[in-house]
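> Quick note on numbering: my numbering labels position 69 of the sequence shown as 156, and the sequence is numbered without any gaps.
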Amino acid sequence: MKELEDIREFYKIMSPRLTVLVTTMDARGVADVAAFSFVTPISFDPPMLLLAVGPNKHSYWSITTKKEFVVNVPSEELAEKIMIAGEPFDPKASKIERAGFETIPSKVVGPPSIKDCVANIECYVEDARKYGDHVIIVGKVVAVRVRDDAVDEEYRLRTDKIRPPLHISDNVFAFPYVEKKIE
């Protein structure tokens, strides 16, 4: 084994990670989207997830101001749009429009959901704390919609059908297509 010269690069070894599109609404009522791969479930009851965001990002300010957001799970078909959502952009404009996402009203929260995503997970902010150079946002899940063909009968994501983008680093992604049950 070799030593990692810059230990700040450790996160690249912890790959691939599910990439999601987080929709927010700022104080002016303008909806926006950003791509995230630092996201994970953290509790079944109550259902909660964790999202790590840089405090200098427009998404951070929208999430912590309005106290709500939507985690949208994309499929491979949205790969190019995910790259647009991940780019720095003028906070006075909307990456939703620039990327060409079609949105639908969310069931509970104010920010819209992305129609073409296979799942929309609506959240209220439960907590936000700074750790290192990121802020950990704990979201309490308040509503979930999922496309019928995206999950099996036990609500497991059908990676073989939807091929969700898994972020490795920078603009490199993996798209799984084989599922294997390990006994």
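No residue lacks a Cβ here, since even glycine has one placed at the ideal position from N, Cα and C.
Quick caveat: nothing in here was measured; it's all calculated off a predicted structure.
What would DSSP say about L136, mapped onto helix, strand or coil?
Three-state result, L136: strand.
> Alpha helix (DSSP H) containing F97: first to last residue?
Its alpha helix (DSSP H) spans residues 97-100.
> So K153 is in the alpha helix (DSSP H); what residue range does that whole segment cover?
145-153 is the span of the alpha helix (DSSP H), which, as asked, contains K153.
> Please classify A118: does DSSP put it in a helix, a strand, or coil?
In this structure, A118 counts as strand in the three-state DSSP scheme.
> If we count the other Cβ atoms within 10 Å of its Cβ and call it buried at 16 or more, is R104 buried or exposed?
Classification of R104: buried, given that the 10 Å Cβ count is 16 or more.
> Note the first and the last residue of the continuous alpha helix (DSSP H) segment covering S213.
Correcting the residue identity first, residue 213 is Glu in this sequence and not Ser. Premise fails: E213 lies in the beta strand (DSSP E), 206-218, not in any alpha helix (DSSP H).
> Distance check for V233 and G141, CA to CA, integer angstroms please.
So the alpha carbons of these two residues sit roughly 28 Å apart.
> Between which two residues does the alpha helix (DSSP H) carrying M170 extend?
Element bounds for M170: 166-172.
> Helix, strand or coil, according to DSSP, for R245 in the structure here?
In the structure shown, R245 sits in coil (DSSP, three-state: anything other than H, G, I, E or B).
> Out of A122, Y147, I183, which has the shortest C-alpha to C-alpha gap to D220?
Comparing Cα-Cα distances from D220 to each of A122, Y147, I183, the minimum goes to Y147.
> Using CA coordinates, which residue listed in V196, S162, E189, M135 is at the minimum distance from D113?
With distances taken between Cα atoms, D113 lies closest to V196.
> Roughly how far, in whole angstroms, is the beta-carbon of V109 from the beta-carbon of A121, given that I think they are within contact range, below 8 Å?
About 5 Å; that satisfies the 8 Å criterion.
> From T190 to K217, what distance separates their C-alpha atoms?
Cα to Cα, the separation comes out at about 30 Å.
> May I have the straight-line CA-CA distance separating K168 from N207, to the nearest angstrom?
Those two C-alpha atoms are separated by around 17 Å.
> Quick one: residues in its chain with C-beta nearer than 6 Å to the C-beta of C271, no 5 flanking neighbours on either side, listed in chain order?
Any property of residue 271 remains undetermined from this structure, which presents the chain solely from 88 to 270.
> Take Y242 and list the residues in its own chain whose beta-carbon comes closer than 8 Å to its own, dropping the five residues that flank it on each side.
Within the same chain, Y242 has close Cβ partners V233.
> Under a three-way DSSP split, which group does K227 fall into?
K227: strand per DSSP, three-state reduction.
> Exposed or buried, which one is K182 when buried takes at least 16 other CB atoms within 10 Å?
K182 is buried by the Cβ-count criterion.
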